[in-house]
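Chains as they are written, first to last, in full-length UniProt numbering: chain C, 1 to 566; chain X, 1 to 566.
Structure (structure tokens):
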């Protein structure tokens with residue numbers, strides 16, 4: 001029997017044969033062969049139950065290895081080196097706030113580890129927005145090890161050394177958790193890796209940037225990739241001990257459905273983040289900080305948000321065209337694809353090495369101006385979106401709370417008077433009936449008011465939350481560029497100190513220009529999507545609002561017609 | 001120079017040469033010849049100013065006499081004997097609550113002084129309803145001696161020995177302040193005066209009650225009397241020292257406008273109360289407990305309510321046909337009418353002596369049943385009306401407070417996003433304009449929401465407040481009947497004790513039957529008015545509500561049309 005130390009708190013899912021353990025607690029392993037990433041253990045009080053393997057440290061092997069999920073070898077093959085470091089908790093915007101006003105020479109100061117992270121951009125994904133929204137949103141205090149058996153998704157968090165998903169910037173409201181230290185050689189030198197490296201012989205990967213009407217644009221495929229996330233099914237493993245949800249993903253290319261669990265989506269997210277995070281904002285997946293108490297709403301809400309995330313990824317010409325994404329869309333059985341698994345070297349800033357801009361090199365000044373402009377805009381929009389989310393949330397609360405109650409009381413008051421009138425013994429059927437009808441009408445209105453937010457406000461909130469998440473990624477993406485620009489600025493000094501050659505400096509300038517093309521292409525992509533999305537959601541919102549008020553007017557007209565003047 | 005003792009607190013109207021004095025304070029009279037019911041006095045601190053004559057007690061003459069307002073000799077002529085006694089503070093309903101369940105034999109116990117009063121039915125006329133309603137409603141803490149120079153109306157209150165209008169059950173929400181002790185010989189015997197008196201030879205006064213479809217009904221005039229209260233004008237007296245408001249009253253009979261001040265209406269109210277109070281609920285005038293800080297709203301609101309009160313009086317076949325009411329409608333100059341002034345003996349319960357029912361005498365049992373039914377109904381409706389008033393008041397607050405603020409914030413949020421989008425440098429005029437329009441639309445909606453209550457809820461509230469006031473009078477009216485019924489029940493005992501003869505008892509029964517006819521006629525009058533009023537106000541309310549929601553829907557449809565899908 002082996003002794004193990006508990007690394008992170010884990011609360012048992014009731015009726016799931018699990019054992020609640022607390023960080024630092026020592027437990028005795030009673031059965032290591034349970035599988036599925038679980039071990040059976042006994043605590044000091046003699047209680048026995050299942051505990052996630054990578055929540056504990058057994059003397060035999062180290063946590064990082066254990067962190068890999070045995071039944072996911074296929075995904076493991078793609079997994080990044082496990083030496084992720086904790087991301088700092090700076091407000092990712094703080095840097096740009098300074099920049100917007102003063103020079104940006106303090107970038108490095110702001111990122112001592114050379115780490116750019118957006119993780120803390122949304123410490124509380126929904127912020128104060130959570131209350132009042134549909135049940136499935138109500139995350140605070142939710143257990144991470146919910147019925148959906150996603151404890152193993154926690155891996156990526158526990159790696160970050162911050163003790164699990166609580167710190168994870170999840171949900172549409174979160175930002176990328178990119179930690180540049182992931183990328184070999186980058187740890188102390190920011191984008192230098194790309195700026196100064198001997199470019200590797202171009203692989204098949206080639207990201208061309210064209211000059212469009214609006215400026216640099218990615219090359220878009222003729223046929224827009226799209227996919228449907230649908231038909232969530234409850235599956236189970238370990239002889240039904242653990243249950244999980246599988247979602248069907250159906251790409252419009254193959255039309256062949258593939259099943260994925262949340263953790264598979266999370267795996268895809270991690271891969272995309274590693275590969276494109278420096279050039280393209282990869283929004284986090286919908287948060288898993290949601291209570292499992294309302295399975296129906298929860299699954300519906302998560303599917304809706306996974307759909308939103310996938311749609312956004314499909315829409316992106318670079319992401320949707322990438323091997324890993326295509327693999328995800330066609331992947332059926334893990335085993336069958338193992339051989340496909342191979343380490344990808346073009347991750348992190350090296351993504352820029354595959355970018356080929358059509359057009360002249362850009363002047364570093366222009367590059368910096370563009371960069372500043374983008375960071376100002378994204379910051380401003382982030383504020384605007386959060387503002388709308390806050391008032392929307394308040395409105396949601398009022399419309400689902402006090403307002404309908406009031407309409408109901410008005411309805412009751414009318415009906416009450418109606419029945420008093422009936423007791424008068426005076427013949428007045430018309431009035432009493434009409435009063436009663438009016439009362440019922442206001443009760444109906446009460447119900448309409450309470451249900452309306454789900455029909456319109458909900459989508460306005462969802463879209464803006466998606467954008468809150470997306471905007472939370474820009475500080476990282478832009479940060480890489482800021483860092484590169486700073487390096488180029490240092491160029492002369494570095495040459496003088498013969499740290500680099502004049503040739504190197506020229507190369508750096510050229511490559512910053514390439515990065516800028518990429519950033520501009522990405523911003524233009526963002527803008528065109530933004531315009532499409534906001535047109536769509538505003539139309540939907542106003543359309544529903546019109547219907548809402550028209551229906552009320554019609555109901556009241558009906559009620560009015562019941563009254564007669566003598 | 002004379003010394004005087006201050007009887008009641010009086011707070012000076014700023015800029016009106018007045019002197020603030022407190023009850024019990026001793027002041028020195030510096031000029032008694034000021035006139036207009038004022039004297040000039042000096043307080044211990046040497047401050048000099050005007051004080052209402054009847055707020056003080058000068059050694060020379062006693063307060064009650066002083067209480068009569070010199071410049072109102074005409075009204076004085078009609079004034080009741082000054083020996084009004086304080087009214088007890090029982091909840092007028094409490095008596096009936098008992099009756100509804102147990103027997104009514106404890107009426108006398110409940111009214112030790114033989115005094116029935118509804119004064120305390122609405123200690124705070126608007127109750128909690130006050131806040132949130134239009135300014136003019138906001139009474140609490142208002143001075144009685146406001147700019148409208150109504151200190152002299154306080155007379156009727158100071159007489160009641162309760163130190164001024166604060167205790168006065170005013171406003172539409174109040175009830176009659178009938179004090180039966182007013183009526184000679186009635187003080188200890190309730191309705192006995194009428195039940196046992198030798199009926200005086202019928203005067204010209206004759207109130208016939210016919211049998212209509214609905215039962216006993218008053219005889220209604222062919223032409224419905226009506227009048228308009230309009231064109232309030234600010235007048236002044238005492239060389240502009242004091243100002244007041246005169247309202248024009250134009251009866252549809254003569255079409256000749258007569259001017260009346262609030263206190264003249266109050267005089268009419270007192271007369272009608274004395275004369276008809278026992279048989280007909282006479283609702284109080286609109287309260288004067290309103291702050292004078294908002295002259296415009298205040299005058300408008302008071303005029304509206306005086307109009308409502310007058311309309312109700314005009315509609316009443318008995319009241320509108322009475323000498324005193326007709327006098328009020330034709331009265332122009334006080335002096336010219338002095339000779340008309342004559343004591344009216346047919347006041348109080350004696351009103352019943354002029355009533356001539358067409359139809360057989362009613363069995364005392366039936367009389368009591370009717371009476372019980374009416375008191376149950378009026379109590380139930382009183383509750384229903386107050387309930388509606390409460391929720392209406394809350395709704396008013398929400399619609400004029402938080403709700404529009406929220407719509408405004410939504411509007412601002414949209415406009416804010418719009419301007420952020422404009423700063424993107426990306427060409428998207430259509431979207432930014434549309435977002436901006438949508439924002440403006442929600443700001444317009446905010447304003448509509450805030451203004452709507454004055455267009456519909458206001459009238460619903462006003463009508464229900466009128467009824468709250470009217471219903472508050474019924475306990476008094478019904479009380480007189482209950483008392484009479486009790487007396488008749490005592491009949492046998494009284495005969496046995498040879499307090500009365502068998503003949504007397506028969507007379508009592510007959511006269512109670514007459515009273516019952518009157519009560520039924522009054523209830524039928526009440527019902528037909530109620531049906532008319534509630535049909536009218538509900539139609540108005542729903543009509544405005546329909547317009548409101550239709551307008552919003554239209555505005556939103558406009559905003560919606562601005563968006564385009566690409």
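For every residue, glycine included, the Cβ atom is placed at its ideal position computed from N, Cα and C.
- Between the C-alpha atoms of residue 249(X) and residue 229(X) there is a straight-line separation of about 5 angstroms.
- Close partners of residue 549(X) in chain C (Cβ separation under 8 angstroms): 549, 550, 552, 553, 556.
- Buried is the label assigned to residue 487(X), since at least 16 other Cβ atoms lie within 10 Å of its Cβ.
- Assigned with DSSP and collapsed to three states, residue 316(X) falls in coil, not helix or strand.
- Annotation: residue 447(X) to residue 331(X) spans about 45 angstroms, alpha carbon to alpha carbon.
- When DSSP states are grouped into helix, strand and coil, residue 56(X) belongs to the strand group.
- Within its own chain, the residues whose Cβ lies closer than 6 angstroms to the Cβ of residue 31(X), once the five positions on either side in sequence are excluded, are 40, listed in chain order.
- Using a C-beta cut-off of 8 angstroms, the region 458–470 of chain C makes contact with the region 537–544 of chain C, since at least three inter-stretch Cβ pairs fall below that distance.
- Residue 12(C) has its alpha-carbon roughly 16 angstroms from the corresponding atom of residue 34(C).
- Restricting attention to 559(C), 407(C), 467(C), 521(C), the CA atom closest to the CA of residue 207(C) is found in 521(C).
- In the three-state reduction of the DSSP assignment, residue 226(X) falls in the coil class.
- DSSP places residue 198(C) in the coil class of the three-state scheme, outside both helix and strand.
- Straight through space, the alpha carbons of residue 544(C) and residue 455(C) are spaced by roughly 7 angstroms.
- The C-beta of residue 387(C) comes closer than 8 angstroms to at least one C-beta of chain X.
- Here residue 527(X) is actually not in contact with residue 316(X); their C-beta atoms are around 14 angstroms apart, not less than 8 angstroms.
- DSSP places residue 231(C) in the strand class (E or B) of the three-state scheme.
- Between the beta-carbon of residue 6(X) and that of residue 23(X) there is about 6 angstroms, and that keeps the pair under the 8 angstroms contact cut.
- In this chain, the beta strand (DSSP E) harbouring residue 42(X) covers 38–42.
- Judged by DSSP in its simplified three-state form, residue 236(C) adopts strand.
- No Cβ of chain C is located within less than 8 angstroms of the beta carbon of residue 211(X).
- Its chain contains 443, 446 as the residues whose beta carbon lies nearer than 6 angstroms to that of residue 408(X), once the 5 sequence neighbours on both sides are disregarded; these appear in chain order.
- Here DSSP, grouped into helix, strand and coil, assigns residue 3(X) to strand.
- With 16 or more neighbouring CB atoms inside 10 Å of its own CB, residue 393(X) falls in the buried class.
- Here residue 224(C) is exposed, its C-beta having fewer than 16 other C-beta atoms within 10 Å.
- For residue 355(X), the three-state secondary structure derived from DSSP is strand.
- In the structure shown, residue 11(X) falls within a coil segment according to DSSP collapsed to helix, strand and coil.
- Residue 45(C) counts as exposed, since fewer than 16 other C-beta atoms from the protein chains shown sit within 10 angstroms of its C-beta.
- At least one CB of chain C lies nearer than 8 angstroms to the CB of residue 545(X).
- When 235(X), 18(X), 222(X) are compared, the shortest CA-CA separation from residue 253(X) is found for 222(X).
- Among the residues of chain X, those whose CB is under 9 angstroms from the CB of residue 438(C) are 538, 541, 542, following chain order.
- Less than 8 angstroms divides the Cβ of residue 495(X) from the Cβ of residue 502(X).
- One thing to note: residue 4(C) has its Cβ no nearer than 8 angstroms to the Cβ of residue 48(C).
- Here the C-alpha atom of residue 313(X) lies approximately 6 angstroms from the C-alpha atom of residue 319(X).
- Leaving aside the five residues that flank residue 552(X) on each side, the residues in its chain whose CB is nearer than 6 angstroms to its CB run, in chain order, 445.
- The distance from the Cβ of residue 417(C) to that of residue 388(X) is about 6 angstroms, consistent with a contact at the 8 angstroms cut-off.
- In the DSSP assignment, residue 247(X) falls within the unbroken beta strand (DSSP E) covering 242–251.
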